[in-house]
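Report on one structure; see the data block that follows.
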Amino acid sequence: MALIQHVFKRGSVYWWRRRLPIGTGRCAWVRVELSLQTKELELARLVASEVTLASHRLLPA
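Going from the sequence shown to the numbering used here is simple: count from 1 and add 99.
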C-alpha cells in the first residue's frame, strides 16, 4: 500500500498537514492542518489528493 502524502491519523480520523512558505526568510513557514473528516482510508486518500493539489497552487512558481 502506498503512503498518502501529508496525511496522518489523529485518533480514528484522518488529517492532512503541510508546511507552506509565507516568505523568503529561514523560518518563514506556516503549518496548515485540516481534518479530512473521515475514518475511511480510501476516502481520506481521495480528499487528501485534492487538498494537496490545491496547496500546490498556493506555492510560488
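Ideal placement from N, C-alpha and C gives every residue a C-beta, glycine not left out. If you're wondering where the values come from, they're calculated on a predicted model, not measured in any experiment.
Supposed close pair residue i, residue j - CB separation, criterion 8 Å
i	j	result
Ala147	His105	7 Å
Arg118	Arg109	Wrong, their Cβ atoms sit about 17 Å apart, outside the cutoff.
Under the three-state DSSP convention, the category residue i falls into
i	result
Arg130	strand
Arg118	strand
Arg144	helix
Assigned exposure category for residue i - 16 Cβ within 10 Å defines buried
i	result
Trp128	exposed
Leu135	buried
The beta strand (DSSP E) enclosing residue i, as first and last residue numbers
i	result
Arg109	106-109
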